[in-house]
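Visitor: Sharing a structure here in structure tokens format.
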Amino acid sequence: MDRIVVRGGKPLTGSIPIGGAKNASLPLMAASLLTEETLTLSNLPHLVDITTMAHLLAELGVDIAMNGHAPNGGHAGRTFELTAAAIANTTAPYDLVRKMRASVLVLGPLLARAGAARVSLPGGCAIGTRPVDLHLSALAKMGAVIDIREGYVEATAPKGLKGANIVFPMVSVGATENALMAAALADGETTLTNAAREPEVADLARCLVAMGADIEGIGRGTVTIRGQKALHGAHHAVVPDRIETGTYAIAAAISGGDVTLKGTRFDLIEALVEVLRKAGVEISEIPDGIRVSRANGALRGADAMTEPYPGFPTDMQAQFMALMTVAEGASMITETIFENRFMHVPELCRMGANVNVHGSSAIVRGVPKLSGAPVMATDLRASVSLILAGLAASGETVINRVYHLDRGYERIEEKLAACGADIERLSD
Ligand code: UD1
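According to the numbering used here, the sequence shown holds residues 7 to 434 in order.
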């Protein structure tokens, strides 16, 4: 199993290309099930989760042409042409769903296009129970008949889905995406209230509009969709990855460097920018990207609380905590989205961090220096927080279970090494 070794203490300088968002790409790929014509997606990142979704879609009958070897080694993103001329199969099997929870995003499109879907329940997950009840109740409101049998959600809509008023009791990215895709082919008008406003949800909605959907309120909490008889092919470029952007912004800050993040957008990370500026990080918008530096001055403790977009993203919580472990003073970090998302804390503490968790909050008291250690993590963002900590630590940090990283970060060690980090991947 691969490991990543980081020897800390080198300020990062240079430029890092930011790819398309993983969390936008996955629902966008699933949206190809909604039409018999070809959906062309560009700026897709090269990640294990994308490959998993491609395998799942292939099982369902989607033909995928990948013309994706970008001339500069993948930086420009890959392009997939996805054609679901006919739905060959409506089952998303356990083996694929358990690898990637986002497989559940095929439920809405399958049901809307084929009138039936059988999708394995994702089961337990490292960062909390993460049920799919909101996905199911939204589809049930649209007339789907849903049963849970042998670990599978079995949904049918023999007479097709019907427009409905759906009020989400809490904000869910995935449930909003499933409902949007289903409503695009439903009979009549659907209103989603308390819909997720994440840029990835808005990106999906824009792509659906390019495919012929009629959607009002994109990027807002109330969205109205007037269903169409059929959607058509389209071309869509995936929105930049705001979590990759934020992660490398913290890499620049924690190493005391000066880095340009290319191909991304400042407006996608405003909540993070506000907190980073409070912590003493310089961050500004430049043409085609963002510049982040911490050339002089110490980091200061700053508080953050995760919230649905446009609030501080839960997917940046672990990385921000890594930064706060070496700030002057204290920081309170509160996690409101997932109940079990502090698994990086014991590993950061093994590197010398001073962090105490009380319920859903963590108090981080900054220390002058972290020290490298062998560490491992149980999810994607927790793993990357350990790499960030390693960039600031003295000595060597060895991160095990690198497969988590490969689900969400494309060539992370190459991107960091290109800016002067002492980092390498070791294969056994
Ligand atoms: C997506 C992102 C993930 C991010 C999360 C929150 C993808 C592929 N993943 O995950 O990286 O951390 O948004 O920004 O886009 N919930 C329920 N019932 C449901 C669905 C969700 O109770 O049916 C709860 C979850 O347990 C969680 C909260 O709602 O506490 C938010 O989850 P949700 O927004 O649905 O996250 P995902 O779409 O799974």
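The beta carbon of each residue, even a glycine, is placed where N, CA and C say it ideally should be.
Would you call the CB atoms of S421 and D247 closer than 9 Å?
Guide: According to the sequence as given, residue 421 is Lys; it is not Ser. No.
Visitor: Does DSSP put T57 in a helix, in a strand, or in coil?
Guide: Residue state, collapsed to three classes: helix.
Visitor: Fully enclosed by the region 306–377, which alpha helix (DSSP H) runs are 4 residues long or longer?
Guide: Within the region 306–377, the complete alpha helix (DSSP H) runs of at least 4 residues are 323–330 and 350–356.
Visitor: Distance check for M349 and R371, CA to CA, integer angstroms please.
Guide: Using only the alpha carbons, I get a separation of about 17 Å.
Visitor: In terms of residues, what are the limits of the alpha helix (DSSP H) holding K28?
Guide: K28 to A36 is the extent of the alpha helix (DSSP H) around K28.
Visitor: For D273 and T384, what's the separation of their Cα atoms in angstroms?
Guide: Taking the straight line from one Cα to the other gives about 30 Å.
Visitor: Is T85 close to chain D? Criterion is C-beta to C-beta, closer than 9 Å.
Guide: Absent from the structure is chain D; it holds one protein chain and no more.
Visitor: Any heavy atom of the ligand UD1 closer than 8 Å to the CB of I429?
Guide: I429: no, Cβ never under 8 Å from the ligand UD1.
Visitor: Can you tell me the Cα-Cα spacing of V112 and G262, whole angstroms?
Guide: So the two alpha carbons sit approximately 43 Å from each other.
Visitor: Should I56 and S31 be called a contact, given that it needs their Cβ atoms to be closer than 9 Å?
Guide: The answer is yes: Cβ separation under 9 Å.
Visitor: Say yes only if the C-beta of H410 is nearer than 8 Å to one or more non-hydrogen atoms of the ligand UD1, and no if none qualify.
Guide: Flag unset: Cβ of H410 not near the ligand UD1.
Visitor: Suppose the cutoff is 6 Å on Cβ atoms and the five residues either side in sequence are ignored; what does the same chain contact list for M196 look like?
Guide: Note that residue 196 is Thr in the sequence shown here, rather than Met. Cβ within range, chain order: G169, A170, A189 and I231.
Visitor: In whole angstroms, give me the CA-to-CA distance for R9 and R387.
Guide: Answer to the nearest angstrom: the Cα atoms are 16 Å apart.
Visitor: Measuring alpha carbon to alpha carbon, tell me which of A36, L210 and I429 ends up nearest L117.
Guide: L117 has its Cα closest to that of A36, out of A36, L210 and I429.
Visitor: Alpha carbon to alpha carbon, what distance is there between V244 and G295?
Guide: Distance between the alpha carbons of G295 and V244 is about 16 Å.
Visitor: Using a Cβ-Cβ cut-off of 7 Å (strictly less than) and excluding sequence neighbours within five positions of K105, which residues of its own chain qualify?
Guide: The answer, listed in chain order, is T58.
Visitor: What are the boundary residues of the beta strand (DSSP E) that includes G20?
Guide: Counting along the chain, the beta strand (DSSP E) containing G20 begins and ends at T19 to P23.
Visitor: On the DSSP bridge assignment, give the partners of I292 in chain order.
Guide: For I292, which the question treats as bridged, DSSP gives the partners G295.
Visitor: Using only the heavy atoms of the ligand UD1, determine whether one of them is closer than 8 Å to the beta carbon of G307.
Guide: No.
Visitor: Please report the distance separating the alpha-carbon of A255 from that of V298.
Guide: Going by the C-alpha atoms only, they are around 6 Å apart.
Visitor: Going by DSSP, what residue range makes up the alpha helix (DSSP H) through L111?
Guide: Where L111 is concerned, there is no enclosing alpha helix (DSSP H), given that its DSSP letter is neither H nor E.
Visitor: With a threshold of 16 other CB atoms inside 10 Å of the CB of A427, please say whether the residue is buried or exposed.
Guide: With 16 or more other Cβ atoms within 10 Å, it is buried.
Visitor: What distance in whole Å lies between the Cβ atoms of S400 and S377, which are believed to be in contact at a cut-off of 8 Å?
Guide: With a Cβ gap of about 5 Å, S377 and S400 count as contacting.
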